[in-house]
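In the numbering used here, the protein residues as written are 1 to 285. All remarks here apply to the structure that follows.
See below:
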């Protein structure tokens with residue numbers, strides 16, 4: 001099977017299972033992220049208070065941790081939810097928004113990274129900062145290209161984490177026992193950077209796909225890291241296909257956002273197969 005065959009199977013399974021995704025995410029994007037999950041076929045739960053986050057994580061299928069606008073209770077709820085997922089072995093996603101903005105934020109993101117996310121999804125500057133354990137972020141904007149971040153993404157992959165780097169093209173980097181693999185996905189829409197929450201919502205969708213991968217017959221024989229890499233790639237293909245369809249109908253960022261949600265809902269396996277991708281393999285894991 002090829003990547004697009006796996007992605008199509010994952011999409012069909014996601015819509016059959018409707019994975020429940022717990023999102024501890026910044027307040028600016030909560031509604032948009034929830035709508036993205038619903039439109040795509042998943043079920044969102046924006047449970048982020050320390051009193052119930054850990055307990056809810058026991059029933060959630062997927063988890064996104066995103067410290068875009070962190071509060072003290074979100075930090076505590078993230079600790080509890082991460083611990084629950086770690087104990088159960090369920091995959092979760094870390095979005096290191098603004099890594100390097102402040103010492104406290106950087107410390108908290110590194111603490112989450114060291115707790116073993118299955119996927120880290122961020123822009124090039126965030127991925128470079130994580131790999132180097134340093135950073136000089138400018139809000140949610142990247143000052144590096146995706147190509148600049150490939151070596152950093154590979155170092156995360158070799159540590160057992162799928163690294164998903166977003167930009168004008170996206171790169172998903174993961175490793176198996178013998179090599180490091182890079183999937184490059186090209187497409188989307190230039191309107192996406194003008195709609196708040198597209199990147200954060202992609203992390204939520206990646207969590208939904210990661211939760212689905214273990215229950216998809218076609219991915220059962222893959223190693224956990226490769227299976228998760230396929231899940232991350234499928235989420236990016238889903239996003240890219242919806243964005244391209246929305247761009248043809250939109251007159252600006254506002255109408256794009258509405259058409260994008262429609263596109264996420266309408267995407268099928270054949271649409272994923274039409275997205276431009278490249279797969280390269282090199283080095284040792």
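Where is the CB? At the ideal position from N, CA and C, for every residue including glycine. Owing to the predicted nature of the structure, the values given are computational and were not obtained by experimental measurement.
* Limits of the unbroken beta strand (DSSP E) element including residue 99 -> Unbroken run through residue 99: none, as it is neither H nor E.
* To do: May I ask you to verify whether the region 174 to 190 touches the region 66 to 76, counting CB pairs closer than 8 Å and requiring at least 3?
  => Between the region 174 to 190 and the region 66 to 76, the count of Cβ pairs shorter than 8 Å is below three; the stretches do not touch.
* Going by beta carbon distance, what residues of the same chain come within less than 7 Å of residue 207, once the five residues before and after it are set aside? -> Excluding positions up to five away in sequence, the list reads 21, 62, 63, 64, 92 and 93.
* To do: For residue 112, I'd like the list of residues in its chain whose CB is within less than 7 Å of its CB, leaving aside the five on either flank, ordered along the chain.
  => Cβ neighbours of residue 112 within its own chain (closer than 7 Å, five residues either side excluded): 65, 78, 82 and 94.
* To do: Measure the beta-carbon distance from residue 167 to residue 131 and round it to whole angstroms, keeping in mind my assumption that it falls under 8 Å.
  => Here residue 167 is actually not in contact with residue 131; their C-beta atoms are around 16 Å apart, not less than 8 Å.
* Touch check for the region 70 to 77 and the region 45 to 54: three-plus C-beta pairs under 8 Å? -> In short, these stretches touch, since the Cβ pair count reaches three.
* For residue 221, which three-state DSSP category applies? -> In the structure shown, residue 221 adopts coil according to DSSP, grouped into three states.
* Look at the alpha carbon of residue 98 and the alpha carbon of residue 143, and state the distance between them as a whole number of angstroms. => In a straight line, the C-alpha of residue 98 is about 12 Å away from that of residue 143.
* To do: Evaluate the contact criterion for the region 141 to 161 versus the region 208 to 217: three or more CB pairs, one atom per stretch, below 8 Å.
  => By the criterion of at least three beta-carbon pairs nearer than 8 Å, the region 141 to 161 is not in contact with the region 208 to 217.
* Among the residues of its own chain, which have a CB less than 7 Å from the CB of residue 269, if the five just before and after it don't count? -> The answer, listed in chain order, is 8, 11 and 12.
* From the DSSP output, in three-state form, read off residue 5 for me. => DSSP places residue 5 in helix when its eight states are reduced to three.
* To do: Answer yes or no: do residue 149 and residue 119 have a C-beta to C-beta separation smaller than 7 Å?
  => No. Outside cutoff.
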